[in-house]
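Visitor: Supplied in structure tokens, the structure appears directly below.
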């Protein structure tokens, strides 16, 4: 008989992690540096500090295995929403025909945060460090609106102005996110916009251009450089964002142990820029690298419409379309790539976190991809079973968790499966409506389109022998 006391595992506020886990010193191969797009050389501290809060720049390259979470920041986590619950998906297991405890599915519920996703974990941290620097405004981009909502909230906590450039297709599809951001006093603009040179280059040609995260990043970076009292805030990709998210994985390790489980067999997260996936998996990846859990399977899940890791190339690329942000080495579809307007707006990024690329190249993690119709169907099944409607991004992780559970059932294997429930879908109802009315389509990126984007002469050429 299932022990219901282990169906929802809660931690005390005092159990909020005291440190972030930094995987950089444990990586099998060294990380490559951020590159100055102006000269192709490693970006000096001063350049990065003119874009990001100084403490974040220090964290970006730190080789310390752990980095302390400031006391004031940890108290804010504890007073608001952390630690988040770990749920056993018992009803989903029943829907899948799984009986007993042979196959267990757990999910880390980040949807209970003030804005409904994992994003405040780093948003609050970045706003805190900006406040310590005396910065008056943070500016950012957002896809589906989860990151913009998170930063809007984080800035409101510390009394900092927030400006958000929101990818136009999501701006139109998700008006609720726009209202939420403005409720936290953020200025929100559809991207491409007419307010920056980067945006105008697209807006003037097509005022209804669907936009992309790459374009929105260009607008936000350009905006941030207008004053030394403004800094750019990034919700994914860079090391310090992945670092801040590791509270997720650390809490889940404690919670699984309280359920009598030493470690999961499979860890799953959806991948756009890579932050929520990194936050869950980094503590487990570190244990795998150290030989503590050498057989653990870690899977990042992408949409077929934007498969940066599954079909992209590991190479140097700009982080944004206008080539204003630092150049990084990552799996990419090319910075000029404009993805199809899928509803998982947070996964419509041409690249991936360099940490994720490093771990993938070293075979510490794996990657998979799924069609939009399949993941939304999985989201409906989860909602019916567990009572929470997931974000379309989160549906990708759910779909993979279901597939892994059914595979284990077919092979008569015992498995503990853990995935990150990165956010709820209460602002994403249009995606579910279009599925119900038969108006939702699958998008699969043709290989020739990928090659066309990657062969663009605009791709950066970096001489690695110079550093």
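Residue numbers (my numbering): 417 to 883.
Note that beta-carbon positions come from the ideal geometry of N, C-alpha and C, so glycine has one too.
Going by the CB atoms, is the gap between residue 555 and residue 628 shorter than 8 angstroms?
Guide: Counting from one through the chain shown, the residue named residue 628 turns up at place 212. Counting from one through the chain shown, the residue named residue 555 turns up at place 139. Not a contact, by the Cβ cut-off of 8 angstroms.
Visitor: By the DSSP assignment, the alpha helix (DSSP H) with residue 495 in it spans what residues?
Guide: Taking the first residue of the chain shown as 1, we reach residue 495 at position 79. Unbroken alpha helix (DSSP H) run through residue 495: 487-496.
Visitor: Near residue 527, what residues of its chain come up, given a Cβ to Cβ distance below 7 angstroms and the 5 sequence neighbours on each side ignored?
Guide: What you label residue 527 is simply residue 111 of the chain shown in a count that begins at 1. So the list reads 533, 804, 837, 839, 840, once near-sequence residues are dropped.
Visitor: Nearest to residue 867 by CA position, among 723, 479, 769, 814, is which residue?
Guide: Counted from its first residue, the chain shown places residue 867 at position 451. For the residues 723, 479, 769, 814, the minimum Cα distance to residue 867 belongs to 723.
Visitor: Suppose only complete runs of 4+ residues qualify. What are the alpha helix (DSSP H) ranges in the region 714-741, listed by chain order?
Guide: Counting whole runs of 4 or more residues, the region 714-741 contains the alpha helix (DSSP H) stretches 724-727.
Visitor: Quick one: is the Cβ of residue 525 within less than 7 angstroms of any heavy atom of the ligand PLP?
Guide: The ligand PLP is not among the ligands present in this structure, which contains no ligands whatsoever.
Visitor: Nearest-angstrom Cα distance between residue 594 and residue 561?
Guide: Taking the first residue of the chain shown as 1, we reach residue 594 at position 178. Taking the first residue of the chain shown as 1, we reach residue 561 at position 145. Cα-Cα distance, rounded: 7 angstroms.
Visitor: Can you find the residues in the same chain that come closer than 8 angstroms, C-beta to C-beta, to residue 497, ignoring five residues on each side of it along the sequence?
Guide: As a working note, residue 497 is residue 81 in the chain shown. Within the same chain, residue 497 has close Cβ partners 528, 529, 530, 536.
Visitor: Is residue 685 helix, strand or coil by DSSP?
Guide: On the chain shown, position 269 is the one that residue 685 refers to. Of the three classes helix, strand and coil, the one that applies to residue 685 here is strand, per DSSP.
Visitor: Helix, strand or coil for residue 612? Go by DSSP, reduced to three states.
Guide: Mapped onto the chain shown, residue 612 falls at position 196. Coil.
Visitor: Taking a contact to mean a Cβ-Cβ separation below 8 angstroms, would you say residue 701 touches residue 714 in this structure?
Guide: On the chain shown, position 285 is the one that residue 701 refers to. On the chain shown, position 298 is the one that residue 714 refers to. Result yes, Cβ atoms of residue 701 and residue 714 sit closer than 8 angstroms.
Visitor: Roughly how far, in whole angstroms, is the beta-carbon of residue 502 from the beta-carbon of residue 522, given that I think they are within contact range, below 8 angstroms?
Guide: In the chain shown, residue 502 corresponds to position 86, counting from 1. In the chain shown, residue 522 corresponds to position 106, counting from 1. Yes, residue 502 and residue 522 are in contact; Cβ-Cβ is about 6 angstroms, under 8 angstroms.
Visitor: What separation, rounded to the nearest whole angstrom, lies between the Cα atoms of residue 710 and residue 850?
Guide: By one-based count along the chain shown, residue 710 stands at place 294. By one-based count along the chain shown, residue 850 stands at place 434. Approximately 42 angstroms, taken between the alpha carbons.
Visitor: How big is the Cα-Cα spacing for residue 682 and residue 552?
Guide: Taking the chain shown and counting its residues from 1, the one referred to as residue 682 is at position 266. Taking the chain shown and counting its residues from 1, the one referred to as residue 552 is at position 136. Using only the alpha carbons, I get a separation of about 43 angstroms.
Visitor: State the DSSP-derived secondary structure class of residue 790, mapped to helix, strand or coil.
Guide: As a working note, residue 790 is residue 374 in the chain shown. The answer is helix: DSSP assigns residue 790 an H, G or I state.
Visitor: Quick one: any contact between the region 478-497 and the region 774-789, if contact means 3 or more CB pairs under 8 angstroms?
Guide: Segments in contact, no.
Visitor: First and last residue of the alpha helix (DSSP H) that includes residue 819?
Guide: Against the chain shown, residue 819 aligns to sequence position 403. Run containing residue 819: 808-826, per the alpha helix (DSSP H) assignment.
Visitor: The alpha helix (DSSP H) with residue 445 in it runs from where to where?
Guide: Working through the chain shown from its first residue, we reach residue 445 at position 29. No alpha helix (DSSP H) holds residue 445; DSSP gives it neither H nor E.
Visitor: Measure the beta-carbon distance from residue 847 to residue 856 and round it to whole angstroms, keeping in mind my assumption that it falls under 8 angstroms.
Guide: The sequence position of residue 847 within the chain shown is 431, counting from 1. The sequence position of residue 856 within the chain shown is 440, counting from 1. Contact holds; Cβ gap of about 7 angstroms.
Visitor: Relative to the C-alpha of residue 729, which candidate in 679, 648, 749 has its C-alpha closest?
Guide: Taking the first residue of the chain shown as position 1, residue 729 is located at position 313. When only C-alpha atoms are compared, the closest one is 749.
Visitor: Mind checking who residue 773 pairs with in its DSSP beta bridge?
Guide: If you number the chain shown from 1, residue 773 lands on position 357. According to DSSP, which records beta bridges pairwise, residue 773 is partnered with nothing at all.
Visitor: Alpha carbon to alpha carbon, how far is residue 662 from residue 435?
Guide: Position 246 of the chain shown, counting from 1, holds the residue named residue 662. Position 19 of the chain shown, counting from 1, holds the residue named residue 435. Each residue's Cα considered, the two are about 9 angstroms apart.
Visitor: Per DSSP, which residues does residue 436 bridge with? Please list them.
Guide: Residue mapping note: residue 436 aligns to position 20 of the chain shown, counting from 1. 483, per the DSSP bridge assignment.
Visitor: Looking only at its own chain, which residues have a Cβ that is under 7 angstroms from the Cβ of residue 463, when we skip the five neighbours before and after it?
Guide: Position 47 of the chain shown holds residue 463. So the qualifying residues of the chain are 452.
Visitor: Please report the distance separating the alpha-carbon of residue 472 from that of residue 814.
Guide: Sequence index remark: in the chain shown, residue 472 carries index 56 (1-based). Sequence index remark: in the chain shown, residue 814 carries index 398 (1-based). Taking the straight line joining both Cα atoms gives about 32 angstroms.
Visitor: Report all residues from its chain with a CB closer than 6 angstroms to the CB of residue 589; omit the five preceding and five following residues, and keep chain order.
Guide: Reading the chain shown from its first residue, position 173 is the one you call residue 589. Excluding positions up to five away in sequence, the list reads 846.
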